[in-house]
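Trainee: These protein sequences, in sequence, are chains W, L and X.
Oh and the first sequence: position 35 is 35 in this note's numbering, straight run, nothing missing.
Oh and the second sequence: position 8 is 8 in this note's numbering, straight run, nothing missing.
Oh and the third sequence: position 66 is 66 in this note's numbering, straight run, nothing missing.
Could you have a look at this structure, given as C-alpha cells, before my questions?
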Amino acid sequence: MSRAAPRTDRRAAARPPRALVPLAALTVGFLVLPLVALLQRAPWSDLTELVRRPIVTDALRLSLVSAAVATGLSLLGGVPLAWVLARSRLPGLSVLRALATLPVVLPPVVGGAALLFAFGRRGLVGEPLEDATGFVLPFSIWGVIAANTFVALPFLVLTVESGLRAVDTRYEEAAATLGAGRWTVLRRVTLPQAAPSIVAGAVLCFARALGEFGATVTFAGNLQGRTQTMPLAVFVALESDRDAAVALSLVLVAVSLAVLVPLRDRWLRA
Amino acid sequence: MTLRPARPLLAACALPLVLAACGGSTGDAAPSGDGAPERTVTVFAAASLTDAFADVAAAFEDEHPGVTVELSFAGSSALREQVLDGAPADVVATADEAVMADLVDEGAVGEPVAFATNRLQLAVPAGNPAGVGGLDDLGRGDLVIGLCAAGVPCGDLARRVLDGAGVEPAPDTEEPNVRALLAKVEAGELDAGLVYATDVRAAGDAVEAVDVPVGEEGTTRYPIAAVADAPHPRAADAFVAFVTTPAARDVLADHGFGPP
Amino acid sequence: MLRAEVDVRLPDLHLRLDLRVDDGEVVALLGPNGAGKTTTLRAIAGLRPLDGGRVELDGRVLDEPASRTFVPPEQRPVGVVFQDHLLFPHLSALDNVAFGLRARGLRRRAARAAAHAWLERMGLAGVAGARPRTLSGGEAQRVALARALAVEPRLLLLDEPLAALDAGTRVRVRSDLRRHLADFPGGRLLVTHDPLDAIVLADRLVILEGGRVTQTGTPAEVTARPASRYVAQLVGVNVLFGTASGRHTVRLDTGGELTLADALPAAEVAIALRPQAIALHTHRPDGSPRNAWPAVVADVEADRDRVRVTLEGPVQATAEVTPAAMAQLDLVPGARVWASAKAVDLVAYPR
Chain W
1 MSRAAPRTDR RAAARPPRAL VPLAALTVGF LVLPLVALLQ RAPWSDLTEL VRRPIVTDAL
61 RLSLVSAAVA TGLSLLGGVP LAWVLARSRL PGLSVLRALA TLPVVLPPVV GGAALLFAFG
121 RRGLVGEPLE DATGFVLPFS IWGVIAANTF VALPFLVLTV ESGLRAVDTR YEEAAATLGA
181 GRWTVLRRVT LPQAAPSIVA GAVLCFARAL GEFGATVTFA GNLQGRTQTM PLAVFVALES
241 DRDAAVALSL VLVAVSLAVL VPLRDRWLRA
Chain L
1 MTLRPARPLL AACALPLVLA ACGGSTGDAA PSGDGAPERT VTVFAAASLT DAFADVAAAF
61 EDEHPGVTVE LSFAGSSALR EQVLDGAPAD VVATADEAVM ADLVDEGAVG EPVAFATNRL
121 QLAVPAGNPA GVGGLDDLGR GDLVIGLCAA GVPCGDLARR VLDGAGVEPA PDTEEPNVRA
181 LLAKVEAGEL DAGLVYATDV RAAGDAVEAV DVPVGEEGTT RYPIAAVADA PHPRAADAFV
241 AFVTTPAARD VLADHGFGPP
Chain X
1 MLRAEVDVRL PDLHLRLDLR VDDGEVVALL GPNGAGKTTT LRAIAGLRPL DGGRVELDGR
61 VLDEPASRTF VPPEQRPVGV VFQDHLLFPH LSALDNVAFG LRARGLRRRA ARAAAHAWLE
121 RMGLAGVAGA RPRTLSGGEA QRVALARALA VEPRLLLLDE PLAALDAGTR VRVRSDLRRH
181 LADFPGGRLL VTHDPLDAIV LADRLVILEG GRVTQTGTPA EVTARPASRY VAQLVGVNVL
241 FGTASGRHTV RLDTGGELTL ADALPAAEVA IALRPQAIAL HTHRPDGSPR NAWPAVVADV
301 EADRDRVRVT LEGPVQATAE VTPAAMAQLD LVPGARVWAS AKAVDLVAYP R
C-alpha cells in the first residue's frame, strides 16, 4: 500500500487562515491567564509544607477515591444505558435520553437538592433505607460518590452512545454467522470497537467528578476527612487561609493535568 | 509578513481596553463631594441577617425615597474576603466583631458601630425526632450533627460554647454558612445543629429550639461599618446611622435580635 | 443440502423463489441490482426472517413462519463471505479466522493453530499477524473465506465476493476462489451481478429478476438460450420473442418476420441472434440472407476494434461491425440502414 503524499500538500494544509490566528491566541490567553495568575500567587517557599497538611492530603485522597469510584460506577451502569440508547428500538427512547442527560444542564446545586429529596434522611428512598438499615447516605463518602456519579455519569453516557452508534452493525452480523451469541458479539466485536469512546467517556466522567462542588456540598455536606473533597476544601480555605487555598488549587491542577495529558491521544482518536 | 494582518490583531487587543473604559460594575458611581444624589447603597451582610435586613432595607427605603438598597448575604468570613478583594460594597455588617476587626486593621472600613446581638441556640427538626436533650448530645456519634465551619462566626461561637460545657463535638458536616446549616436541620437531614436564635425564629414551625445554657460565650455582637472609598459614601453613612435608630432596632427585635 | 422456499415482502419488492443447492454444487444467484439476491442470501443465513415459506438445511428446518420456527444465525451451520469482507478491524487476520472457533468454545491456542492451518492452505501464512486494513483487497477476501470455512459449515454463502475488487485483482482472485471453492464439500451459493463470476464459478445459474426466477440452467444453457432481455444483454446476445407463423417462420412481437433454417420447436419461441451475425447495408441486400429488414440506428458505441450499433425497427437488435464499416455506411443515430441475418444464424428455443 502506498502512503506517500506530496510534501507540498502537507505544508499547504497546515497553515491556518490568517483571521484565525489572533482569535485562537486570545482564546488561549483567556484560558491560560487564570492559571498563570494562580502560579504567580503561589506561596512557593511554603508550598511543600502546605501540601503535606492534613487538610490537603485528606481532601486529595477523598477526591481521587470518590472520583474513581464514581467513574467505575458510571462505567458499570452507563455503558449498558448507552447501548440501550444507541441500539434498541423502544418507544420513547428520546425521552429516556433526555432524562439520562438532564444532570448536564441542571445546576449542580439543584442536583444536590434533588438527591436530598430522594436519598436524604427524609427522602423518598433515604427514609425507608435509614429506618430499615440505619444507613445514611448524606454526610458519608458514599454521599460524595452518589453526588459525583449523578453529575458525571451523563457525560459518559453521551460519549459512549455516539461511539456505539459509529460501530458498523454489519460486523455484528458477520460475528453471528460465525456462531457468536449476543453476549459474545457484545464482548468481542461491539465493545472493542467502541473502546476509544469508552475511554474518552471515562476520562470526561473522572474529570467532571473531580471538579464537582455544588451537588457535593448540598448533598454530602462538608467534613474534613470524610466528605471534604478538593473543591470544597478550596472553597472553605479561600475564606480563612488564602495560601492553603492556592496550594490546594495547584495540587488539583497538577492532578488534572496528570490525568488528561496522557489520555489526550485517545480523546482525539475517539 | 505584510501589514494587513496586524489590523485585526490590533482591533482585537483594543477591545478589552474599550470595555474596561466603559466601566465594570461600578457604573453609576457619583464622585463624593460634588453634591449629586446617590440612588443606590450596596449592603454586604452576614447570612444570619438575611430576613431581618430585608425588612430593615424596606424601612430605610421608606425613609429615604429615591434610594434603593442592594443586599448581598454570605458567611462573615466570605464577606471579609470579598471586601478585601475590592467588591463594590458601601456598607458591611458582620456576625462577629473579630471579622470586623480584621477589616478595620486593613483600613477597609470606617468606624464600626454595634447594632444588635444574637444568641446561639440548639436547633432540632420539628418534633425533635432524635430526642436531643442538651449540649452533651452533640458529642454522640450515633446522631447526625451539624456545625458551622471554623472561621465562620457561628462556628467559632459554637466551639467556644461546647468547650465551655466540656463537650467534644462529633459533627457530620461543617457548613460554610449558618443558613445552609439551618436548611439541613429544617429538612430533617440533621438531628441537631447550633444556629442563631434568629435562624430558629426565621424557620418557624419547621425547627424547634432545645433549651441549653449558652451564656456570654454563646452571644455575639453584630457590628456595621461604612466601607472606605465606598462608591456611595453619603448613602452608606445614612444606612449605618439608620440601623442604630430605635425604628430599626424594633425591626431587628421582631426577628429575634437583641439590643447591642 | 439446502431447500429453500423464500417468501419475503420488502417495501418495493415481493420476493418469491424456490432454491435448491445440493452438496458439492455451486449455484450462482445472478440478477440485476434490486432483484432480491442479497435479501435471499440474508434470509438463508438467518439475518432476515422469512415472511412465508421455509428454509431447510440437511433436513433441519431453520426458518418456517407457519410453524413459528426460527433458528438464529449463530446456530445455523451456514458460513457467509460478505461483499466488503467485514473482517473485524480490531483483530489480526489470524484472530479473525480463529474467531468462529473461539466463539464455539475452542481454547485460544487450539483455535489459533487451526486458523493458522487455514491461512497456510490459502497461501496467506505471511499475513497472519496483520490487521485487515493493511491487507490488499484480494488478501482480505481470502482471509474472509478462510474465516467462514474454519467453522466447517454445511453451506457456504458468498455475497458478491469479488464486487469490491478492482478489475485486475478480480481476475486473479476469481480463479483462486474457484480452486478454494472446489475443496469445500458442502453446497455453495454465490450471489452476484457479474455474469463472468457466475459463469466461471458456478455449476448452475439461477437468474433472479424483480423478485422472481426467470431462468435456471447451466452456464452453457443459459448463455446459449437467454430467456429474458436481461440475460441476453448480459451475455451479449440478441434475444427476439415471437410466435410461429409457419414451420420455419416466426412473427416477432415487435412486428418483423424471420425465417429460420431449423424447424421451430414450439409455437411460442425465443430466438438467439449473435450481434456479429447481423450485416448492415445501405440498400436492401441481394444474395443469400433470407432475412432483411429496414432499421433506424438508435445508438452507436465504439469499443476499440468493434462498433456496437443498436437498431430499431421491426427487429430490435444490436449489431456489431468494424469501424471501417461504420465510416463507410455513415452510421450515426437516426441513420436509415438495411440489416440482414442468415437463417442458419438464428437459433430458436421455446419461450
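Beta carbons: idealized from backbone N, C-alpha and C, even for Gly.
1. Quick check: the Cα distance between residue 96 of chain W and residue 85 of chain W, rounded to an integer number of angstroms?
2. Compare the beta carbon distance of residue 307 of chain W and residue 160 of chain W with 8 Å and say whether it is the shorter of the two.
3. Kindly identify the DSSP beta-bridge partner or partners of residue 338 of chain X.
4. Could you pull the DSSP bridge partners for residue 312 of chain X from this structure?
5. Identify each residue in the region 193-206 of chain W for which the Cβ-Cβ distance to at least one residue of chain X is less than 7 Å, and report them in chain order.
6. At a cut of 8 Å, does the region 83-96 of chain L reach the region 202-215 of chain L through at least three beta carbon pairs?
7. Within 10 angstroms of the Cβ of residue 229 of chain L, are there 16 or more other Cβ atoms? Answer buried if so, exposed if not.
8. Spatial neighbours of residue 82 of chain W within its chain, please: CB distance less than 7 Å, with the 5 preceding and 5 following residues excluded, ordered by chain position.
9. Sort out for me which residues DSSP pairs residue 268 of chain X with in a bridge.
10. Ignore the nearest five residues each way along the sequence and tell me which others in residue 332 of chain X's own chain have a CB closer than 8 Å to its CB.
11. For residue 200 of chain W, name the three-state secondary structure that DSSP assigns.
12. Cβ of residue 258 of chain X within 8 Å of Cβ of residue 346 of chain X?
13. Just how far apart, CA to CA, sit residue 217 of chain X and residue 284 of chain X?
14. Out of curiosity, what's the CA-to-CA distance linking residue 23 of chain W and residue 252 of chain W?
15. Please work out which residues of its chain come closer than 7 Å, Cβ to Cβ, to residue 99 of chain W, disregarding the five sequence neighbours upstream and downstream, and give them in chain order.
16. Buried or exposed for residue 166 of chain L, going by 16 or more other Cβ atoms inside 10 Å?
17. Near residue 102 of chain L, what residues of its chain come up, given a Cβ to Cβ distance below 6 Å and the 5 sequence neighbours on each side ignored?
18. Which of the three DSSP states, helix, strand or coil, is assigned to residue 193 of chain X?
19. Let me know the secondary structure DSSP gives residue 82 of chain L once reduced to three states.
20. Just verifying my parser: in three-state terms, what is the DSSP assignment at residue 183 of chain X?
21. Beta carbons nearer than 8 Å to chain L: which residues of the region 119-139 of chain W have them?
22. Taking the continuous alpha helix (DSSP H) assigned at residue 39 of chain X, which residues delimit it?
23. Please confirm whether residue 144 of chain L has its beta-carbon closer than 8 Å to some beta-carbon of chain W.
24. Here's the rule: buried if 16 or more other CB atoms are within 10 angstroms of the residue's CB, otherwise exposed. What is residue 187 of chain W?
25. Terminal residues of the continuous beta strand (DSSP E) containing residue 121 of chain L?
26. By the 10 Å Cβ neighbour count, where 16 or more other Cβ atoms means buried, how is residue 14 of chain W classified, buried or exposed?
27. Taking the alpha carbon of residue 350 of chain X as the point to measure from, which residue in X:267, X:81, X:180 and X:136 has its own alpha carbon closest?
28. For residue 107 of chain W, collect the residues of the same chain with a Cβ closer than 8 Å to its Cβ; drop the 5 residues on either side in sequence, then sort them by chain order.
29. So, is the C-beta of residue 99 of chain X closer than 8 Å to a C-beta in chain W?
30. Run through chain X and tell me which residues come within less than 8 Å of residue 176 of chain W, C-beta to C-beta.
31. Distance, Cα to Cα, residue 26 of chain L vs residue 78 of chain L?
32. Would you please state the rounded distance, in angstroms, between the beta carbons of residue 76 of chain L and residue 46 of chain L? I believe it to be under 8 Å.
33. Can you name the residues of chain W whose CB is closer than 7 Å to the CB of residue 171 of chain L?
34. Going by the beta-carbon positions, is the gap between residue 250 of chain W and residue 38 of chain W smaller than 8 Å?
35. Give me, in chain order, the residues of the same chain whose beta-carbon lies closer than 6 Å to that of residue 33 of chain L; leave out the 5 immediate sequence neighbours on both sides.
36. Going along chain W in order, which residues have a C-beta closer than 7 Å to the C-beta of residue 86 of chain X?
Mentor: On the basis of the coordinates in this document:
1. Whole-angstrom Cα-Cα distance: 8 Å.
2. Absent from the model: residue 307 of chain W. The displayed extent of chain W is 1 to 270, so no value can be given.
3. By DSSP's assignment, residue 338 of chain X forms a beta bridge with X:281 and X:294.
4. X:296.
5. For the region 193-206 of chain W, which is checked against every Cβ of chain X, the residues closer than 7 Å are 193.
6. Judged by Cβ distances under 8 Å, the region 83-96 of chain L makes no contact with the region 202-215 of chain L, as fewer than three pairs qualify.
7. By the neighbour-count rule (16 or more Cβ atoms within 10 Å), residue 229 of chain L is not buried but exposed.
8. Excluding residues up to 5 positions away in sequence, 157, 160, 161 and 164 lie with their Cβ nearer than 7 Å to the Cβ of residue 82 of chain W in the same chain.
9. Per the DSSP secondary-structure output, residue 268 of chain X pairs in a beta bridge with X:243.
10. Apart from sequence neighbours up to five positions away, the residues of its chain that approach residue 332 of chain X with a beta-carbon distance below 8 Å are 297 and 300, ordered along the chain.
11. Helix.
12. Yes, the Cβ-Cβ distance between residue 258 of chain X and residue 346 of chain X is below 8 Å.
13. Straight-line Cα distance between these residues: approximately 39 Å.
14. Roughly 28 Å between the two C-alpha positions.
15. None.
16. So residue 166 of chain L counts as exposed.
17. Result list for residue 102 of chain L: 80, in chain order.
18. In the structure shown, residue 193 of chain X sits in coil (DSSP, three-state: anything other than H, G, I, E or B).
19. Note: residue 82 of chain L maps to helix in three-state DSSP.
20. Three-state result, residue 183 of chain X: coil.
21. Those residues of the region 119-139 of chain W that come within reach of chain L (Cβ to Cβ, closer than 8 Å) are 120, 121, 122, 136, 138 and 139.
22. According to the DSSP assignment, residue 39 of chain X belongs to the alpha helix (DSSP H) that extends over 37-45.
23. For residue 144 of chain L, the answer is yes, since a Cβ of chain W falls inside 8 Å of its Cβ.
24. Under this definition residue 187 of chain W is an exposed residue.
25. Its beta strand (DSSP E) spans residues 113-125.
26. The residue in question, residue 14 of chain W, is exposed, as its Cβ has fewer than 16 Cβ neighbours within 10 Å.
27. Taking only the C-alpha atoms, the option nearest residue 350 of chain X is X:267.
28. If we look at residue 107 of chain W and ignore the five residues flanking it on each side, its Cβ neighbours are 214.
29. Chain W contact via Cβ: present.
30. Chain X residues near residue 176 of chain W: 46, 47, 72, 73 and 74.
31. Since pLDDT at residue 26 of chain L reaches only 45, below the 50 mark, its modelled position is unreliable, and no value is offered.
32. In this structure residue 76 of chain L is in contact with residue 46 of chain L, their Cβ atoms being roughly 5 Å apart against a cut-off of 8 Å.
33. Residues of chain W with a Cβ closer than 7 Å to the Cβ of residue 171 of chain L are, in chain order, 223.
34. For residue 250 of chain W and residue 38 of chain W, yes; Cβs fall inside 8 Å.
35. Only weak support exists for where residue 33 of chain L lies, its pLDDT of 49 falling under 50; the coordinates are left without a value.
36. Those within 7 Å of residue 86 of chain X in chain W are 170, 171 and 174.
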